[in-house]
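Working notes, beginning with the structure itself.
In this note's numbering, the protein residues as written are 2 to 36.
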């Protein structure tokens with residue numbers, strides 16, 4: 002059985018991963034447009 006703390010940690014990791022991935026996508030688009 003997982004605790005609420007572990008569940009919230011997984012949710013935070015998921016959100017951080019998603020925002021990081023979208024940041025990378027935006028950075029790649031910016032680089033493509035710049036060069």
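Idealized CB from N, CA, C, for every residue including glycine.
Since the model is a prediction, treat every value here as computed from it, not as a measurement.
Close Cβ partners of residue i (< 6 Å) along its chain, the five nearest in sequence each way excluded
i          : result
residue 33 : none
Cut-off 8 Å between Cβ atoms - residues of its own chain near residue i, not counting five sequence neighbours on either side
i         : result
residue 6 : none
For residue i, three-class secondary structure by DSSP
i          : result
residue 4  : coil
residue 15 : helix
residue 21 : helix
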